[in-house]
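Sequences listed follow chains W and S, in order. All letters in the first sequence, in the order written, are residues 1 to 275 by our numbering. All letters in the second sequence, in the order written, are residues 276 to 582 by our numbering. Ideal Cβ positions, reconstructed from N, Cα and C, are used throughout, including at glycine. Notes follow once the structure below has been shown.
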Amino acid sequence: MSAVAEGSRRTLAPLGRRRVSVTRRCSYGPYVVIHCHDESAPAPRPGQFYMLASAERWGGGEGERPYLPRALSFLRAPAGTDEVHFFFEDVGPGTARLSELEAGEELWLAGPFGVGFAPPSDGGRALLVGGGVGIAPLAAWQDELGLDADALLGFRDAQHAEGAAVMAAAQLATDDGSAGHHGLVTELLAAELDGGEEATVYACGPPRMLEAVRVMCSERAVPAQLALESGMACGFGACFGCVVATREGYKRLCLDGPVLDAAELLTALTPGAGH
Amino acid sequence: MPALRTEFCGLTLEHPIVNGSGTFDAIAARRAFGDALLEDFPFAAYVSKTVTLEPRQGNAPPRLWELPAGLINSIGLPNRGLEGYLEHDLPRLAELPVPLIVNVMGFTREEVATLVEAFTAREEVAAIELNVSCPNVKTGLLMGAEPAEVSGLLDLVRPLTRKPLIVKLTPNATNPAAVAQAAQDAGADAVSLINTLRGMALRPGSSEPWLGGRTGGVSGAGVRGVALALLDSVAQRVSVPIIAMGGVQSGADAAALLGAGARLVAVGTESFRDPMAGRRVAGELEERAEKGQLSAILTPASRKIPA
């Protein structure tokens, strides 16, 4: 990746980790949003991520884990503020601990890390495809691209679909049909792609969804950028734990991703993060 | 940090904290943090990731498994190979503000000899660490498991270089102290310990291994007691300087290893949790030194010298 291309997609992280305060906690169905006051950091690029760990009671308690910080894409870093927002679901010991954080409590933050999304190369239409907690990086991207960036969001059920409130102008799909289209978000994507207008697809979600998006876009020669997830110990290239298989060999998601061109990938079926 | 200045194999280091090989990629960290990393580098010397003769992709993912107080990694020594390292990595690592220690591994003694010769010719390299202990790669265990294997390796490579040679010991040997003794007797300038302990995890809800490499190496706070015990046994057998590591997260942890006979202390897994952990640990050591708590253990005369 050239320095120029990377420069527009990567904001350098302040050196080391820093202790920041949670200023607000709210929830959307099963999803939790926390706002952090992060005055030392420059504005991140949509698609970048941070490493988070609570300042108190991170590991060593009844559950023994978590030990390592957790990698989360940021949801939003509103311009003109010192805030960075995160969106996640309690799916394991790390996210369980993070979901307990209340306003006034502190956490360790490192980042932003990785490279984010690149705008459509032809200046054309952007189509955002999110699944579950994977909608997080798409919110910041939609903010930047503007409302003409259509979003297609898939969730398990209506309760999870409450998470869609963090984005504007979205078509919904749910697995059980309790909200929006009854079926997969990739069915909505197929209809959009086959509808005619050329688009660049930006997707983040569970591995099976991303793999379906990758195959679908490949078959139609539609450019796609996928924000992938992996278990990650460090976030800055030290541990070599987060590799994905690309046509050029393994790449570290934390350095060369988490956003990768779909055409680079051999598969988007990764083991996931196991938070 | 004058109070912490440390002599190691002819090098004068600002403090005794370095990184464990393979736990901090300075080139990657510079991409993430920019040149601020060079202005406040966390370690007093930099130990680079293992270099092999041929390029390696490393193990298939998943490569990590979190434990209650640490993790298992199954990385598989990905690297560009000697040629790629000399062309791409060495020039970047030479820009670091601290001495460079290159870690090498070969699948035969002759491969190690080739690597040692190649780095002996490079003035950017201050010392060479021999990885005879990586448990992630099947053949990695062989050279560090027995005293005779290490002796045989050093008999071949010791005459090839005047640079300091450090032998990194594996805790998975039957008798690491005997291996350390063999390394010293065969001309090693220093030993380092411990490399990771062999470990395994199962895919949740199945009897299949989780890690792509089937097994991996355990590191982190959970191995701290193991490291201290092995250091204690090795320090009673050898007089060459020791680089000790294993679960170091604080100045107190580092002080314990220095007190047990280490000359340098390496921070590894903690850098994953705190990128500047090396700097923080050194700072906490300095605070101890200022309070007079380190003078006793940093005085060479107080170290155990074998009879």
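query = Within 10 angstroms of its Cβ, does Q456 of chain S collect 16 or more other Cβ (buried), or is it exposed?
reply = As a working mapping, residue 456 of chain S is identified with position 181 in the second sequence. Result: buried.
query = With 9 angstroms set as the bound, which would you pick, yes or no: does the beta-carbon of L346 of chain S sit closer than that to a beta-carbon of chain W?
reply = Along the second sequence, read from residue 1 onward, the residue named residue 346 of chain S stands at position 71. By this cut-off, L346 of chain S is an interface position.
ask   = Is E289 of chain S helix, strand or coil when you go by DSSP?
value = Start at 1 with the first residue of the second sequence, and residue 289 of chain S comes out as number 14. DSSP places E289 of chain S in coil when its eight states are reduced to three.
inquiry  = Which residues in chain W have a C-beta closer than 7 angstroms to the C-beta of G309 of chain S? List them in chain order.
reply    = In the second sequence, residue 309 of chain S corresponds to position 34, counting from 1. Within chain W, the C-beta atoms nearer than 7 angstroms to that of G309 of chain S come from L12, in chain order.
ask   = Does the Cβ of L569 of chain S have 16 or more other Cβ atoms within 10 Å, making it buried, or fewer, making it exposed?
value = Taking the second sequence and counting its residues from 1, one reaches residue 569 of chain S at position 294. So L569 of chain S counts as buried.
8 angstroms Cβ cut-off: residues of chain S touching F49 of chain W = Counting from 1 along the first sequence, the entry for residue 49 of chain W is found at position 49. Correct list: empty, because the minimum Cβ distance to chain S is about 11 angstroms.
request  = Check whether the Cβ of C204 of chain W lies closer than 9 angstroms to any Cβ atom in chain S.
outcome  = The residue given as residue 204 of chain W occupies position 204 in the first sequence. Judged by the 9 angstroms Cβ criterion, C204 of chain W is not in contact with chain S.
inquiry  = Between S:L312, S:D460, S:S296, S:T389, which has its C-alpha nearest V513 of chain S's C-alpha?
reply    = Taking the second sequence and counting its residues from 1, one reaches residue 513 of chain S at position 238. Per the Cα distances, S:D460.
inquiry  = Taking 9 angstroms as the threshold (beta carbon to beta carbon), is D364 of chain S in contact with chain W?
reply    = Mapped onto the second sequence, residue 364 of chain S falls at position 89. No, D364 of chain S lies away from the interface with chain W (no Cβ there is under 9 angstroms from its Cβ).
message = Since L444 of chain S and P434 of chain S should fall inside the 8 angstroms C-beta cutoff, what is the C-beta to C-beta distance between them, to a whole number of angstroms?
response = Taking the second sequence and counting its residues from 1, one reaches residue 444 of chain S at position 169. Taking the second sequence and counting its residues from 1, one reaches residue 434 of chain S at position 159. Under the criterion of beta carbons closer than 8 angstroms, L444 of chain S and P434 of chain S do not qualify as touching, at roughly 22 angstroms.
request  = Give me the Cα-Cα distance between A502 of chain S and V454 of chain S, rounded to the nearest whole angstrom.
outcome  = Taking the second sequence and counting its residues from 1, one reaches residue 502 of chain S at position 227. Taking the second sequence and counting its residues from 1, one reaches residue 454 of chain S at position 179. In this model, A502 of chain S and V454 of chain S are separated by some 15 angstroms (Cα to Cα).
ask   = Just the Cα atoms here: how many angstroms apart are T516 of chain S and V293 of chain S?
value = Residue 516 of chain S sits at position 241 when you count from the first residue of the second sequence. Residue 293 of chain S sits at position 18 when you count from the first residue of the second sequence. Sequence check: residue 516 of chain S is Pro here, not Thr. Linking P516 of chain S to V293 of chain S through their CA atoms gives a straight-line distance of about 14 angstroms.
ask   = Interface residues of chain S around P66 of chain W at Cβ under 9 angstroms?
value = Taking the first residue of the first sequence as 1, we reach residue 66 of chain W at position 66. Neighbours of P66 of chain W across chain S, judged by C-beta separation under 9 angstroms: E341.
task = Indicate whether at least one CB of chain S lies closer than 9 angstroms to the CB of S27 of chain W.
result = On the first sequence, residue 27 of chain W is found 27 positions in, with the first residue counted as 1. No - not a single Cβ of chain S is within 9 angstroms of the one on S27 of chain W.
Interface residues of chain W facing D300 of chain S [CB-CB closer than 7 angstroms] = Within the second sequence, numbered from 1, the residue matching residue 300 of chain S stands at position 25. Here the neighbours are G237, A238.
key: 4 or more residues per run - each alpha helix (DSSP H) lying fully within the segment 112–163 of chain W   = Unbroken alpha helix (DSSP H) stretches of 4 residues or longer found wholly inside the segment 112–163 of chain W: 136–145, 158–161, given in chain order.
inquiry  = I want to know whether the segment 35–45 of chain W touches the segment 78–92 of chain W - three or more CB-CB distances under 8 angstroms.
reply    = Taking a cut-off of 8 angstroms on C-beta distances, the segment 35–45 of chain W touches the segment 78–92 of chain W, as three or more cross pairs fall below it.
request  = Run the CB neighbour count on G132 of chain W, radius 10 Å, all protein chains shown included, and call it buried at 16 or more, exposed below.
outcome  = Position 132 of the first sequence, counting from 1, holds the residue named residue 132 of chain W. It counts as buried.
request  = Using a Cβ cut-off of 9 angstroms (strictly closer), state whether A527 of chain S contacts chain W.
outcome  = For this step, residue 527 of chain S is matched to residue 252 along the second sequence. Not one chain W Cβ lies under 9 angstroms of A527 of chain S.
ask   = Do you know how far the Cα of T270 of chain W is from the Cα of P69 of chain W?
value = Locating residue 69 of chain W in the first sequence gives position 69, where the first residue counts as 1. Locating residue 270 of chain W in the first sequence gives position 270, where the first residue counts as 1. Roughly 20 angstroms between the two C-alpha positions.
message = So if I threshold CB-CB distances at 8 angstroms, which residues from the segment 536–555 of chain S count as touching chain W?
response = Along the segment 536–555 of chain S, going in chain order, the ones with a CB nearer than 8 angstroms to a CB of chain W are T544, S546, F547, R548, D549, P550, M551, R554.
ask   = What residues are listed by DSSP as bridge partners for C204 of chain W?
value = Translated into positions along the first sequence, residue 204 of chain W becomes position 204. Paired residues: W:G130, W:A227.
ask   = Who are the neighbours of Y250 of chain W on chain S, taking C-beta pairs under 7 angstroms?
value = Within the first sequence, residue 250 of chain W is the residue found at index 250, counting from 1. Neighbours of Y250 of chain W in chain S, taken as residues at a C-beta separation under 7 angstroms, are given in chain order as Q332, G333, P353.
message = For R97 of chain W, would you say it is in contact with chain S, using Cβ-to-Cβ distances shorter than 9 angstroms as the test?
response = Indexing the first sequence from 1 puts residue 97 of chain W at position 97. It does not: the Cβ of R97 of chain W has no partner Cβ on chain S nearer than 9 angstroms.
ask   = Within the 9 angstroms Cβ cut-off, does M232 of chain W reach chain S?
value = Locating residue 232 of chain W in the first sequence gives position 232, counting from the first residue. It does; some Cβ of chain S falls within 9 angstroms.
request  = Under 7 angstroms Cβ to Cβ from P337 of chain S, same chain only, skipping five residues before and after it: list those, please.
outcome  = Locating residue 337 of chain S in the second sequence gives position 62, where the first residue counts as 1. Once the five neighbours on either side are set aside, the close Cβ partners of P337 of chain S are W485, L486, G487.
request  = Report yes or no: is there a C-beta of chain W within less than 9 angstroms of the C-beta of I350 of chain S?
outcome  = On the second sequence, residue 350 of chain S is found 75 positions in, with the first residue counted as 1. By this cut-off, I350 of chain S is an interface position.
task = Measure the alpha-carbon distance for G415 of chain S versus T490 of chain S and round it to whole angstroms.
result = On the second sequence, position 140 is the one that residue 415 of chain S refers to. On the second sequence, position 215 is the one that residue 490 of chain S refers to. Legend: pLDDT at G415 of chain S = 47, less than 50; position of this residue unreliable, value from coordinates given subsequently. G415 of chain S and T490 of chain S have their C-alpha atoms some 13 angstroms from each other.
key: Rounded straight-line distance, which links the Cα of F236 of chain W to that of G257 of chain W   = To locate residue 257 of chain W, count along the first sequence from 1; it is residue 257. To locate residue 236 of chain W, count along the first sequence from 1; it is residue 236. Rounded to whole angstroms, the separation of the alpha carbons of F236 of chain W and G257 of chain W is 11 angstroms.
query = So is A529 of chain S buried or exposed if we call it buried at 16+ other beta carbons inside 10 Å?
reply = Looking up residue 529 of chain S in the second sequence gives position 254. Counting of Cβ neighbours within 10 angstroms places A529 of chain S among the buried residues, the total reaching 16 or more.
message = So Y31 of chain W and F87 of chain W are supposed to be a Cβ contact under 8 angstroms. How far apart are they, rounded?
response = To locate residue 31 of chain W, count along the first sequence from 1; it is residue 31. To locate residue 87 of chain W, count along the first sequence from 1; it is residue 87. That pair is a contact at about 6 angstroms.
key: Closer than 8 angstroms at the beta carbon, the chain W residues around A304 of chain S   = In the second sequence, the residue the question calls residue 304 of chain S occupies position 29. For A304 of chain S, the chain W residues whose C-beta falls within less than 8 angstroms of its own C-beta are F236, G237, A238, listed in chain order.
query = Given that V33 of chain W touches chain S, what residues does it touch there, using C-beta distances under 9 angstroms?
reply = Taking the first sequence and counting its residues from 1, one reaches residue 33 of chain W at position 33. Taking the beta carbon of V33 of chain W as reference, no residue of chain S falls within 9 angstroms; the closest one sits roughly 24 angstroms away.
query = Residues of chain W with a CB under 7 angstroms from the CB of P484 of chain S: which are they?
reply = Here residue 484 of chain S is taken as the residue at index 209 of the second sequence, counted from 1. Around P484 of chain S, no beta-carbon contact reaches into chain W at under 7 angstroms, the shortest distance being about 12 angstroms.
request  = Quick one: list the residues of chain W neighbouring P372 of chain S, beta-carbon separation under 9 angstroms, in chain order.
outcome  = Taking the second sequence and counting its residues from 1, one reaches residue 372 of chain S at position 97. Going along chain W, no residue has its Cβ under 9 angstroms from P372 of chain S, so there is no contact; the nearest lies around 14 angstroms.
task = Under 7 angstroms Cβ to Cβ from A388 of chain S, same chain only, skipping five residues before and after it: list those, please.
result = As a first step, residue 388 of chain S must be located in the second sequence, where it is residue number 113. Counting only Cβ-Cβ distances below 7 angstroms, and skipping sequence neighbours, we find L431, V432, L435.
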